[in-house]
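Asker: Taken in order, the sequence shown gives residues 887 to 1103; the numbers are from my numbering. We put the CB at the ideal spot given by N, CA and C, even for glycine.
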Amino acid sequence: MIASLRGTVLSVGLTNAVIETGGVGMSIQATPTTLSGLRVGEETLVHTEMVVREDSLTLFGFADTDERDSFRTLMSAKGVGAKLALAMLAVHTPNALRRAIASQDVAALTRVPGLGPKGAQRVILDVADKLGPVTGDDLGAAQTAAQSAQGVEAMSDGGPEPHADVVAALVQLGWNEASAHQAVSSVTADAADGGQEPDMAAVLRASLRWLGGGHRG
887 MIASLRGTVL SVGLTNAVIE TGGVGMSIQA TPTTLSGLRV GEETLVHTEM VVREDSLTLF
947 GFADTDERDS FRTLMSAKGV GAKLALAMLA VHTPNALRRA IASQDVAALT RVPGLGPKGA
1007 QRVILDVADK LGPVTGDDLG AAQTAAQSAQ GVEAMSDGGP EPHADVVAAL VQLGWNEASA
1067 HQAVSSVTAD AADGGQEPDM AAVLRASLRW LGGGHRG
């Protein structure tokens, strides 16, 4: 099993990145939070989880072991596959998931695309305290949110049409196209006109927060 990757970042997309190690480019799927910390041309270390299916072999990358271990634990719940587990970590930090599960906050869990009330109840029952206690104070999440907000405030008005790549990334994470369009349109409409090119990663993270806040389109 590949537990981690250390190498040079070759490319970073909205839902994946390629890291070269030992002359081989390894593609990883990751959350926007993890991807936002990668820089093309720089060396990085990501913790990984390999998911093997009959027709696919996918490597998921995480910024730290807490996020990776949470991914593993979430997949132990009935009905939760890799895609849904990744979507849960795209919407909520591990600590936020711990709080939601401990308090049986179904509403918070159902903000994740593809997770309905029954599925949320199943996650609460199956995961219970397996994610462990709440750790730290979510400073990393707060910093990421601040960086996202700054990026959105600095970008120029992209016009009435949503950014197609961001919409596609949201759909890939599980939201329907209408909700994805509405989220991106709302985020870009609220952005200040700073005269700069839009930061796609910032738009994606801000759209995830918008959708995670309960907006459904």
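Report the residue from 937, 1094, 1095, 1087 whose alpha carbon sits nearest the alpha carbon of residue 924.
Answerer: Taking the sequence shown and counting its residues from 1, one reaches residue 924 at position 38. Considering only alpha carbons, the answer is 1087.
Asker: Determine the DSSP secondary structure at residue 1067, reduced to helix, strand or coil.
Answerer: To locate residue 1067, count along the sequence shown from 1; it is residue 181. Three-state result, residue 1067: helix.
Asker: Less than 9 Å between the beta carbons of residue 1055 and residue 901, yes or no?
Answerer: Here residue 1055 refers to the residue found at position 169 when the sequence shown is read from its first residue. Here residue 901 refers to the residue found at position 15 when the sequence shown is read from its first residue. Closer than 9 Å, so yes.
Asker: Helix or strand or just coil, what does DSSP make of residue 993?
Answerer: Counting from one through the sequence shown, the residue named residue 993 turns up at place 107. Helix.
Asker: Just checking, does the segment 1059–1075 make contact with the segment 1089–1097 on the three C-beta pairs under 8 Å criterion?
Answerer: At 8 Å Cβ cutoff, the stretches touch.
Asker: In or out: residue 974 buried (at least 16 other Cβ within 10 Å) or exposed?
Answerer: Within the sequence shown, the letter at position 88 stands for residue 974. Its Cβ being crowded by 16 or more others within 10 Å, residue 974 is buried.
Asker: If I follow the unbroken alpha helix (DSSP H) through residue 1062, where does it start and stop?
Answerer: Against the sequence shown, residue 1062 aligns to sequence position 176. First-last for residue 1062: undefined, no H or E at that position.
Asker: Buried or exposed for residue 1082, please, with buried defined as at least 16 other CB atoms from any protein chain shown within 10 angstroms of its CB.
Answerer: Your numbering for residue 1082 matches position 196 in the sequence shown. Reliability of the predicted coordinates at residue 1082 is poor, the pLDDT of 49 falling under 50, and no value is obtained from them.
Asker: Quick check on this structure: which residue in 892, 897, 916 has the alpha carbon closest to the alpha carbon of residue 970?
Answerer: Residue numbering aside, residue 970 sits at position 84 when the sequence shown is read from its first letter. Closest option to residue 970, Cα to Cα, is 916.
Asker: For a quick check, are the C-beta atoms of residue 947 and residue 891 less than 9 Å apart?
Answerer: Walking along the sequence shown from the start, residue 947 turns up at place 61. Walking along the sequence shown from the start, residue 891 turns up at place 5. Taking 9 Å as the Cβ cut-off, residue 947 and residue 891 qualify as a contacting pair.
Asker: Out of curiosity, what's the CA-to-CA distance linking residue 912 and residue 904?
Answerer: By one-based count along the sequence shown, residue 912 stands at place 26. By one-based count along the sequence shown, residue 904 stands at place 18. Distance between the alpha carbons of residue 912 and residue 904: 5 Å.
Asker: Which ranges would you report for the alpha helix (DSSP H) in the segment 901–964 if only whole runs of at least 4 residues count?
Answerer: Here the runs fully enclosed are 918–922, 951–961.
Asker: Can the beta-carbon of residue 1074 be found closer than 9 Å to that of residue 1089?
Answerer: Translated into the one-based positions of the sequence shown, residue 1074 becomes position 188. Translated into the one-based positions of the sequence shown, residue 1089 becomes position 203. Cβ atoms of residue 1074 and residue 1089: closer than 9 Å.
Asker: Pull the bridge partners of residue 1018 from the DSSP assignment, please.
Answerer: Locating residue 1018 in the sequence shown gives position 132, where the first residue counts as 1. Answer is none; residue 1018 lacks a bridge partner.
Asker: Taking Cβ to Cβ, would you say residue 953 is nearer than 9 Å to residue 996?
Answerer: Indexing the sequence shown from 1 puts residue 953 at position 67. Indexing the sequence shown from 1 puts residue 996 at position 110. Not a contact, by the Cβ cut-off of 9 Å.
Asker: Could you check what DSSP says for residue 1031 in three-state terms: helix, strand or coil?
Answerer: Here residue 1031 refers to the residue found at position 145 when the sequence shown is read from its first residue. Because residue 1031 sits at a pLDDT of 41, beneath the cut-off of 50, its placement in the model cannot be relied upon, and the point is left open.
Asker: Per DSSP, what are the beta-bridge partners of residue 894 in this structure?
Answerer: Taking the sequence shown and counting its residues from 1, one reaches residue 894 at position 8. The partner list for residue 894 (beta bridge, DSSP) reads 906, 929.
Asker: Which first and last residues belong to the alpha helix (DSSP H) in which residue 972 is found?
Answerer: As a working mapping, residue 972 is identified with position 86 in the sequence shown. From DSSP, the alpha helix (DSSP H) with residue 972 extends over 968–977.
Asker: To the nearest angstrom, report how far apart residue 951 and residue 1014 are at their CA atoms.
Answerer: Looking up residue 951 in the sequence shown gives position 65. Looking up residue 1014 in the sequence shown gives position 128. Residue 951 and residue 1014: Cα-Cα distance of roughly 19 Å.
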